[in-house]
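A.B. asks:
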Amino acid sequence: MTGAMQSRIARHAEFRYHPEGGFVARMERSEMRGHRPRIARSLSSGGASRRPVGSIQATTPDNTAGRRFMPDTKLTIWGRANSVNVQKVLWCCTELGLAYERIDAGMQYGKTREAEYLAMNPNARIPTLVEGDFVLWESNSIMRYLCLAHGRGTPIYPEAPKQRASVERWLDWTLSTVQPVDRPVFWGIVRTAPAERDMIQVQRDADAAAEVWAIADRLLATRRFIEGEAFTLADIAVGSYARRWLGVEGISRPAQPHLTRWLAELGKRPGFAQFVAPPMS
Ligand SMILES: N[C@@H](CCC(=O)N[C@@H](CS)C(=O)NCC(=O)O)C(=O)O
Numbered sequence: 005m006t007g008a009m010q011s012r013i014a015r016h017a018e019f020r021y022h023p024e025g026g027f028v029a030r031m032e033r034s035e036m037r038g039h040r041p042r043i044a045r046s047l048s049s050g051g052a053s054r055r056p057v058g059s060i061q062a063t064t065p066d067n068t069a070g071r072r073f074m075p076d077t078k079l080t081i082w083g084r085a086n087s088v089n090v091q092k093v094l095w096c097c098t099e100l101g102l103a104y105e106r107i108d109a110g111m112q113y114g115k116t117r118e119a120e121y122l123a124m125n126p127n128a129r130i131p132t133l134v135e136g137d138f139v140l141w142e143s144n145s146i147m148r149y150l151c152l153a154h155g156r157g158t159p160i161y162p163e164a165p166k167q168r169a170s171v172e173r174w175l176d177w178t179l180s181t182v183q184p185v186d187r188p189v190f191w192g193i194v195r196t197a198p199a200e201r202d203m204i205q206v207q208r209d210a211d212a213a214a215e216v217w218a219i220a221d222r223l224l225a226t227r228r229f230i231e232g233e234a235f236t237l238a239d240i241a242v243g244s245y246a247r248r249w250l251g252v253e254g255i256s257r258p259a260q261p262h263l264t265r266w267l268a269e270l271g272k273r274p275g276f277a278q279f280v281a282p283p284m285s
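As numbered in my numbering, residues 5 to 285 make up the sequence shown, in order.
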């Protein structure tokens, strides 16, 4: 296969429910249709003004699918792809058809404690969005901004005040309620070596998480998506965490059929399949 052909290969993940193993992601390689995206061309042109902020250079542009729209000023997203908060933003970009460049940062990639990064994001956390002189952190705020600035009236962030506020609350809910119960379960299994796992504690943590997820399960018994019949940012924010909840192995969980049905539906969306479904790490 030629290099040119190889550059047109995209990795896709198919997200499936497995009755014993919970949700599993099956990675596939398939030929991309369409043309090389504009972002890739602009990066390869190597103009200094298109370089990311600071001296840290770009790694992999991972929005290689045929995108529709590239803002006047390049979007750069800092953050490793296995971070749930980065995944939300990447999925949002896919929903909006936005081209961007992503730079690995955080955990094994470091960079977040370097002065240049801290000047952008004093929390030393990911993701951080850079667009020209504009810098923004907090993943939910980044998603809101992308919809407002580049979403051109997108239905995933409805304009009507009541509908918008209803979506917003779920973004807040992930921060206030989901993230605190997600973290100990996810870290206790996915980011802890098997020999070091405290499974009694992890199961206690999972029981607490199950109560939170029961709220979403009950709701989803009555509607297709989190805020009704239409897919919104609420589904991105909650769905990215739900993938972790239903994907962690080795814990007992109550059956949550409506949550499971909804997550399988999200699995059909390309942004979820590419960024959220892949194996957790
Ligand atoms: N509320 C913040 C949380 C940011 C956050 O905690 N990010 C994690 C990754 S999910 C992080 O930066 N961890 C440290 C690291 O990766 O080095 C957001 O939503 O952006």
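Where is the CB? At the ideal position from N, CA and C, for every residue including glycine. Here the structure is a predicted model, which means the values were calculated and not measured.
1. Quick check on this structure: which residue in 151, 77, 156 has the alpha carbon closest to the alpha carbon of residue 94?
2. So what does DSSP say about residue 222, is it helix, strand or coil?
3. How far does the beta strand (DSSP E) with residue 105 in it extend, from its first residue to its last?
4. Do residue 175 and residue 238 come within 8 Å of each other at the CB atom, strictly closer than that value?
5. Helix, strand or coil, according to DSSP, for residue 116 in the structure here?
6. Helix, strand or coil for residue 229 per DSSP?
7. Give the secondary structure of residue 190 by DSSP, where H, G and I count as helix, E and B as strand, and everything else as coil.
8. State buried or exposed for residue 209, treating a residue as buried only when at least 16 other CB atoms are found within 10 Å of its CB.
9. Apart from the five residues on each side of it in sequence, which residues of its chain come closer than 7 Å, Cβ to Cβ, to residue 77?
10. Can you tell me the Cα-Cα spacing of residue 8 and residue 201, whole angstroms?
11. Quick one: measure Cβ to Cβ for residue 236 and residue 162, integer angstroms, because I've assumed they're closer than 8 Å.
12. Taking 8 Å as the threshold (C-beta atoms), are residue 130 and residue 4 in contact?
13. Start and end of the beta strand (DSSP E) containing residue 81?
14. What is the DSSP secondary structure of residue 178, reduced to helix, strand or coil?
15. Classify residue 282 as buried or exposed, calling it buried when 16 or more other Cβ atoms lie within 10 Å of its own Cβ.
16. Is DSSP giving residue 132 helix, strand or coil here?
17. Please report how far the alpha carbon of residue 153 lies from the alpha carbon of residue 79, in whole angstroms.
18. As a quick exercise: from 241, 166, 172, 178, pick the residue whose alpha carbon is nearest that of residue 216.
19. Given the structure, does residue 309 come close to ligand 1, in the sense that its CB is under 7 Å from one of the ligand's heavy atoms?
20. Any contact of the segment 178-193 with the segment 248-262, i.e. 3+ C-beta pairs under 8 Å?
21. Based on the DSSP secondary-structure assignment, which residues constitute the bridge partners of residue 249?
22. Among 145, 167, 219, which one has its Cα closest to the Cα of residue 234?
23. Can you tell me whether residue 206 is helix, strand or coil according to DSSP?
24. How about residue 257 and residue 214: are their beta carbons less than 8 Å apart?
25. Could you compute how far the alpha carbon of residue 157 sits from the alpha carbon of residue 198?
26. At a threshold of 7 Å, does residue 252 count as lining ligand 1 (C-beta to nearest heavy atom)?
C.D. replies: Quick look at the numbers:
1. Residue 94 has its Cα closest to that of 151, out of 151, 77, 156.
2. The answer is helix: DSSP assigns residue 222 an H, G or I state.
3. That run of the beta strand (DSSP E) goes 105-107.
4. Here residue 238 is near residue 175, since their CB atoms are less than 8 Å apart.
5. Correct three-state label for residue 116: coil.
6. Residue 229 falls in the strand class under three-state DSSP.
7. Helix at residue 190.
8. Flag for residue 209 reads buried.
9. Listed in chain order, the non-local C-beta contacts of residue 77 below 7 Å within the same chain comprise 135, 136, local neighbours out to five positions each way being set aside.
10. Note that residue 8 has pLDDT 37, beneath the 50 cutoff, so the model's placement of it is unreliable and no number is given.
11. That pair is a contact at about 7 Å.
12. Nothing in the structure corresponds to residue 4, since the chain is present only between 5 and 285.
13. Note, residue 81: beta strand (DSSP E), 79-82.
14. Looking at residue 178 - three-state DSSP - the assignment turns out to be helix.
15. Buried: at least 16 other Cβ atoms inside 10 Å.
16. Three-state result, residue 132: strand.
17. Rounded to the nearest angstrom, the two C-alpha atoms are 12 Å apart.
18. Considering only alpha carbons, the answer is 178.
19. Any property of residue 309 remains undetermined from this structure, which presents the chain solely from 5 to 285.
20. Yes, they touch.
21. Residue 249 pairs with nothing; no bridge assigned.
22. The residue from 145, 167, 219 with its alpha-carbon nearest to that of residue 234 is 167.
23. Reduced to three states, the DSSP call for residue 206 is helix.
24. In this structure, residue 214 lies closer than 8 Å to residue 257 by Cβ.
25. Their backbone Cα atoms lie some 47 Å apart in a straight line.
26. No, ligand 1 has no heavy atom inside 7 Å of this Cβ.
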